[in-house]
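Going by the UniProt record's numbering, the letters in the sequence shown line up with residues 1 to 129, in that order.
Written out below as structure tokens is the structure these notes cover.
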Amino acid sequence: SRAVEHVDDAMIAELRAIHHESLALVHRRTVHGLDEKNREFYSIINHATDAPKLRWVAGLCIRYVPRSLYSDVPGWPDITLAGQESMIEALEARDAGSARAITESIHRRAGDALAESFEITTAGLSPAE
1 SRAVEHVDDA MIAELRAIHH ESLALVHRRT VHGLDEKNRE FYSIINHATD APKLRWVAGL
61 CIRYVPRSLY SDVPGWPDIT LAGQESMIEA LEARDAGSAR AITESIHRRA GDALAESFEI
121 TTAGLSPAE
């Protein structure tokens, strides 16, 4: 939500371009590279804020996110795409409340998907079962 007041039209255009590249990867069923696109997307947003500690924490956390999430966790690419699209809309509207709610929703959906995948894996099942 802090980025809303700092993001300009050029940044939004770049975010939209990255989102289209992400869509193309998923459309081709090639999730390899989606992690990089998503990191690039949120890096623009994080660097738009005047919050060095927030960028530092985000950088620390992202190091521990396995890149295989995009291919190993069912629904992860859809969560990524929906989150990007929603965030672009909130930033275009300059709506900090929506941006905050979208961020919370993305993290909640991602956490739920990760927990479900973990339960399936620990039960010895495959995601298709």
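Backbone N, C-alpha and C define an ideal beta-carbon position, used for all residues, glycine too.
On a CA-only basis, which of the options is nearest residue i? Give me that one, please.
| i | options | result |
| --- | --- | --- |
| S117 | S71, E85 and A10 | S71 |
| R39 | E104, P66, A51 and A96 | P66 |
| D9 | R29, L23 and I44 | I44 |
| S105 | R63, E85, A17 and L34 | E85 |
| A24 | K37, E14 and I12 | K37 |
| I18 | Y42, R55 and R28 | Y42 |
| E14 | D35, I62 and A48 | A48 |
| M11 | N46, V57, L34 and S22 | N46 |
| T103 | V57, G83 and Y64 | G83 |
| D69 | A58, G33, K53 and R28 | Note on identity: in this sequence residue 69 is Leu, with Asp being the wrong assignment. Nearest option by C-alpha distance: G33. |
Taking 8 Å as the threshold (C-beta atoms), are residue j and residue i in contact?
| i | j | result |
| --- | --- | --- |
| L81 | V26 | yes |
| M87 | A96 | no |
The segment 70 to 79 in contact with the segment 103 to 112 per 3-pair CB rule at 8 Å: yes
The segment 3 to 13 in contact with the segment 87 to 99 per 3-pair CB rule at 8 Å: yes
Entirely enclosed alpha helix (DSSP H) segments - the segment 22 to 97, minimum 4 residues: 34 to 48, 52 to 62, 69 to 72 and 76 to 92
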